[in-house]
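A short worksheet on the structure shown next.
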Amino acid sequence: MNKDSALPDAPQPDTLEIGLRDGSISRKVFIKTYGCQMNVYDSARMSDALARDGYEPTEDMEEADLVLLNTCHIREKAAEKVYSALGRLREMKKRKAADGRDMMIGVTGCVAQAEGEEILRRAPAVDVVIGPQTYHRLPVALRRAKEGQRVVDTEYAIEDKFEHLPIAEATKIRARGVTAFLTVQEGCDKFCTFCVVPYTRGSEVSRPVAQIVEEAQKLVDGGVREITLLGQNVNAWHGTGPAGEAWSLGDLLYRLAEIPNLARLRYTTSHPRDMDDRLISAHRDLRTLMPYLHLPVQSGSDRILKAMNRRHTAAEYLALIEKIRAARPDIALSGDFIVGFPGETEQDFADTLRLVEEVNYAQAFSFKYSTRPGTPGAELKGQVPEEIKAERLERLQALLLKQQHAFADACVGKVVDILLEKPGRMPGQLIGRSPWLQSVNLDAKASQIGDIINVRIIGTSTNSLFAELL
Ligand code: 5AD
Ligand code: SF4
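So, in structure tokens, the structure goes:
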């Protein structure tokens with residue numbers, strides 16, 4: 001199906017209610033994105049879907065006719081933060097109404113999915129609530145809201161929302177820059193006991209190859225040089241190749257690497273259980289596939305890994321890392337960690353520190369365990385006191401930061417390829433990206449944005465590198 005055609009499930013004529021397809025009425029949408037990269041991608045696609053109804057994006061909430069909060073539910077207090085933002089938006093809506101201007105408010109994303117009707121009860125100014133799997137119906141929901149209804153649309157069958165979303169035109173893609181996200185997989189069937197994702201994003205679904213290739217090609221036609229494939233469990237992606245054969249993420253990467261002018265590929269986030277040999281060989285064979293892998297382990301203690309339902313041991317994770325490093329020796333590793341999972345003892349935590357020492361991460365994210373109602377972890381005995389979590393997190397982060405700095409320091413003096421992404425803070429400065437996902441500052445001409453150039457790394461700062469042209 002041509003995704004540039006009209007939204008198929010939307011009755012078309014009454015779109016005039018909220019904007020004209022010929023662009024003669026332009027409305028402004030402000031989208032606030034919380035949380036992960038998938039939400040960043042979803043916000044862009046919502047913006048694309050709304051563009052067909054005459055909405056233009058704005059960075060200024062004051063001039064917005066529609067404000068969307070694209071929310072995240074991964075850790076505690078997320079819902080409360082959304083409710084307090086909605087309280088402020090209610091005041092803004094009242095103020096605008098007093099000036100004779102309408103402002104609609106929508107809540108999307110994982111809090112919308114989890115809270116549903118409750119949002120309408122607690123936040124009277126909200127017009128629409130729409131989940132991460134139903135946002136292709138946003139234009140329809142807004143039309144109903146315009147007629148005075150308050151709409152909650154979070155029920156979905158796993159019909160494919162992507163079939164119903166337009167892909168932005170080249171000009172819009174170009175305006176967004178030379179790197180882009182592309183969601184290939186959604187949801188998760190792993191049910192780690194701390195995690196809400198299987199409940200908010202639902203069970204695992206993979207997008208078909210043809211749809212992904214079409215979107216990747218359009219991104220490249222719009223000037224994109226680097227694509228990051230996204231999925232909550234991206235390496236669980238599976239599909240069917242041209243001869244009807246089963247494909248895993250590795251096969252998809254080999255296929256995407258054939259797209260001319262697509263210079264770089266990345267993917268995130270992976271689960272250790274789904275790192276199959278084909279994916280590892282893609283790291284060995286494909287120069288397009290960047291030597292960077294985000295492979296969360298969460299804990300280094302087998303007891304805790306079991307309680308987390310991670311379905312692998314620390315030794316299995318380490319063996320996997322060894323195999324990946326054998327295939328691609330310069331690969332930079334990144335991970336996620338949770339400290340203070342229920343029952344975690346000082347010994348368990350020491351096992352995590354030991355695993356970190358063994359792996360030697362280039363980068364990592366670490367969090368205090370946060371109880372998520374409805375997940376099995378919330379029911380477990382032995383919840384760890386807040387101050388112990390805080391103290392463990394501090395120790396873990398000190399170690400991870402030391403490794404991150406050591407990795408950056410080891411880059412100094414090396415000649416590397418960087419993709420020039422955007423202007424820097426100083427005039428004449430550009431910001432590029434190293435193969436290992438580091439930000440690199442250098443003096444270069446703005447005309448080079450989108451180019452991949454060879455530079456020498458000459459220094460480091462807290463979160464970035466400095467380079468000079470050769
Ligand atoms: N508490 C703390 N961290 C969590 N994460 C997911 N759920 C929780 C939770 N309940 C972290 C995991 C995951 C990352 C995206 O967020 O480390 O990999
Ligand atoms: Fe959550 Fe585990 Fe699924 Fe990742 S693999 S999304 S942590 S349940």
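Residue numbers (the UniProt record's numbering): 1 to 470.
Just so it is clear, CB atoms sit at the ideal spot from N, CA and C, and this is done for glycine as well.
This structure is a prediction, so every number in the text was calculated from the model and none was measured.
Where residue i sits in the DSSP three-state scheme
i, result
"HIS283", "helix"
"MET104", "strand"
"ILE74", "coil"
"ALA332", "strand"
"GLU56", "strand"
"TYR267", "strand"
"GLN149", "coil"
"ILE259", "coil"
"LYS172", "helix"
"SER24", "Its pLDDT being 46, under 50, SER24 is placed unreliably by the model, and nothing is read from it."
"LYS414", "coil"
"THR462", "coil"
"THR179", "strand"
Residue of the options minimising C-alpha distance to residue i
i, options, result
"LYS146", "PHE162, MET104 and ALA44", "MET104"
"HIS73", "CYS36, MET92, LEU430 and GLY100", "CYS36"
"GLN397", "THR352, THR269, ILE431 and GLU421", "THR352"
"GLN149", "ASP65, THR462, GLU169 and PRO124", "PRO124"
"ASN235", "LEU293, LEU262 and ALA216", "LEU293"
"GLU344", "GLN298, GLU322 and ASN360", "GLN298"
"ALA64", "ASN70, ALA307 and TYR55", "TYR55"
"SER334", "ASP348, PHE349, ASN360 and THR313", "ASN360"
"PHE191", "SER47, ARG354 and LYS306", "LYS306"
"GLU91", "GLY202, VAL126, GLU76 and GLU117", "VAL126"
"ARG137", "LEU50, GLY239 and PRO296", "LEU50"
"VAL416", "ARG456, GLU169, LEU400 and HIS164", "ARG456"
"GLU169", "ARG266, GLU186, GLU346 and VAL220", "VAL220"
"THR171", "GLY222, ALA350, VAL67 and ALA114", "GLY222"
"VAL151", "ILE173, VAL128, GLY374 and PRO272", "VAL128"
"SER366", "LYS77, THR228 and GLY300", "GLY300"
"LYS81", "LEU355, VAL111 and GLN133", "VAL111"
"LYS94", "ALA114, GLU117, ARG122 and GLU62", "GLU62"
"THR375", "PRO342, ARG392, GLN363 and ALA364", "PRO342"
"LEU230", "THR240, VAL197, GLY202 and ALA180", "ALA180"
"ASP189", "GLY340, THR33, SER434 and ASN309", "ASN309"
"VAL67", "GLN347, THR108 and ASP99", "THR108"
"ALA85", "GLY202, TYR34, LYS414 and THR240", "TYR34"
Residue i: CB within 7 Å of a non-hydrogen atom of the ligand 5AD
i, result
"SER370", "yes"
"ILE331", "no"
"GLN298", "yes"
"PHE181", "no"
"CYS195", "yes"
"ARG75", "yes"
"ILE167", "no"
"ILE349", "Position check: residue 349 holds Phe in this sequence, whereas Ile was assumed. PHE349 Cβ: outside cutoff for every heavy atom of the ligand 5AD."
"PHE162", "no"
"ILE388", "no"
"ILE338", "yes"
"PHE407", "no"
"PHE367", "yes"
Test item: CB-CB of residue i and residue j under 8 Å
i, j, result
"ARG225", "GLY450", "yes"
"ARG284", "ARG328", "yes"
"GLY244", "ARG278", "no"
"GLN211", "PHE162", "yes"
"TYR317", "PHE194", "no"
"LYS218", "ILE259", "no"
"LEU469", "ALA446", "no"
"ALA314", "LEU419", "no"
"PRO139", "ASP53", "yes"
"MET290", "ARG273", "no"
"ALA282", "LEU253", "yes"
"ASN70", "ILE119", "no"
"VAL209", "GLU186", "no"
"PHE407", "ALA332", "yes"
"ILE130", "ASP153", "yes"
"THR200", "GLN113", "yes"
"GLU76", "THR269", "no"
"VAL440", "ARG392", "no"
"ALA257", "LEU295", "no"
"LEU142", "ASP48", "no"
Q: Count the C-beta pairs between the segment 417 to 435 and the segment 370 to 388 that are closer than 8 Å, then say yes if the count reaches three, no if not.
A: no
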